[in-house]
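A.B. asks: All residue numbers in the sequence shown are consecutive under this note's numbering, ending with 373. The beta carbon of each residue, even a glycine, is placed where N, CA and C say it ideally should be.
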Amino acid sequence: MVGLDDEIRAARARADSWASADQRRAEQEQSEAAEIQKLLADAVARLRPYGSEVFIQVKAALLRGEYTANGQRLRRIAQQRCWKLARLSGRRKGEDGGLEDDWMESPVLLLEDGTAGRFWLDNDIKPQREGEYVSSYAPDPLTGFAHG
């Protein structure tokens with residue numbers, strides 16, 4: 226017959242084991258994230274002398290904006306050199322968690338600041354220029370470090 230004290234000790238041992246496993250997992254994730262960040266920074270340093278394109282993030286503007294989408298003016302809020310790592314397209318998840326109706330280009334870009342992510346490009350932004358990736362969306366980060 227097992228006593229209450231034995232049950233409590235066993236439960237505490239299980240909880241300590243789970244906490245230890247969670248701590249090891251968190252440390253491993255931090256280590257991997259640091260290694261990925263180092264690799265991305267190294268990739269930028271190696272690619273910097275070669276051709277690049279430009280990632281431009283935009284947001285709605287009241288009066289002046291150099292881009293438009295569906296009759297709305299958009300202004301540039303950020304710009305960085307970038308390199309396309311992969312060409313993808315798909316349907317982005319909406320705010321409700323479901324997939325949006327429109328398919329859009331969503332390349333994986335490496336930005337000059339050493340971040341990388343899948344950037345959802347607005348199909349209807351005008352003008353569309355060669356070598357520019359223009360988006361009003363925040364990126365889906367590859368590493369948790371990407372931002373747009």
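1) In terms of alpha-carbon separation, which member of Glu232, Leu265, Leu287 lies closest to Trp308?
2) Determine, using beta-carbon pairs with one atom in the segment 358–365 and one in the segment 339–347, whether at least three such pairs fall under 8 Å.
3) Is it buried or exposed for Ser360, if we count other Cβ within 10 angstroms and need 16 for buried?
4) In chain order, what are the residue ranges of uninterrupted beta strand (DSSP E) at least 3 long that sit wholly in the segment 304–336?
5) Using a Cβ-Cβ cutoff of less than 8 Å, which residues in the same chain neighbour Leu313 once the five nearest sequence positions on both sides are dropped?
6) Would you mind reading off the limits of the alpha helix (DSSP H) that contains Ala341?
C.D. replies: Straight from the coordinates:
1) Comparing Cα positions, the closest option is Leu265.
2) The segment 358–365, when compared against the segment 339–347, does touch it at the 8 Å Cβ threshold.
3) Label assigned to Ser360: buried.
4) The qualifying runs are 333–336.
5) So the qualifying residues of the chain are Glu330, Ser331, Pro332, Val333, Arg343.
6) Note, Ala341: premise wrong, no alpha helix (DSSP H); beta strand (DSSP E) at 341–343.
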